[in-house]
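Numbering (the working numbering), first residue to last: 1 to 147.
As structure tokens, the structure follows; a few thoughts come after it.
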Amino acid sequence: MGSVIAAMETKVTGQTQSAGFQIGVRRTLPITREQAWAYVTSADGIRQWLGEGAELHFEPKYRYRTGSGAEGEVRVVKPQQQLRLTWQKPGWAKPSTIQIRLIENGSGKTTVSFHQENLADATAREAMKQHWEEVLQHMLNHTNNGV
């Protein structure tokens, strides 16, 4: 019983046994899944969520590099549904995995979900949580101005 209590006390928010630290952020927006996909895959959308200077081709095994030196590889592309890619900032020991999902809710609304795993620590998790929240806020602002 004591080991169970000790394990419960040492559990850190966002930490998993298999995927290191992870973060998931989502928001339902007043746009269709097609509109959400168009934005996420647009030059402005890519710049917001991936970084300046990133040229991305939406095909598996495509390798990319951003202006800040982050790099990765596209793993899964399901048009209007899901993107999955690796992303590694300069100085990180290993790449993280980013997944973007678009979930249509009917009535012209779509939930946009960003999930990132294999983050090194709680500090990286918090930084990426803030980043994804800012991306979704930017997307909402863009939506309000007519996607």
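Even glycine gets a Cβ: it sits at the ideal position worked out from N, Cα and C.
This one's a predicted model, so the numbers in the text were calculated from it and none came from an experiment.
Exercise. For the candidate residues L29, L85 and Q81, whose alpha-carbon lies nearest to that of V74?
Worked result: L85
For this session: Decide if N156 is buried, meaning its Cβ has at least 16 other Cβ atoms within 10 Å, or exposed.
Result: Outside the displayed range of the chain (1 to 147) lies residue 156, so it cannot be described from this structure.
Exercise. Mapping DSSP to helix, strand and coil, what is Q80?
Worked result: coil
Problem set entry | Identity of the residue in S107, E126 and T110 nearest Q116 by Cα | E126
Exercise. Since K129 is in the alpha helix (DSSP H), which residue starts that stretch and which ends it?
Worked result: A122 to N144
For this session: Take P95 as the anchor and find which of V25, L140 and A124 has the nearest alpha-carbon.
Result: A124
For this session: Pull up the distance between the alpha-carbon of M139 and that of P90, whole angstroms please.
Result: 26 Å
Exercise. Which partner residues does L29 have in the DSSP bridge list?
Worked result: T110
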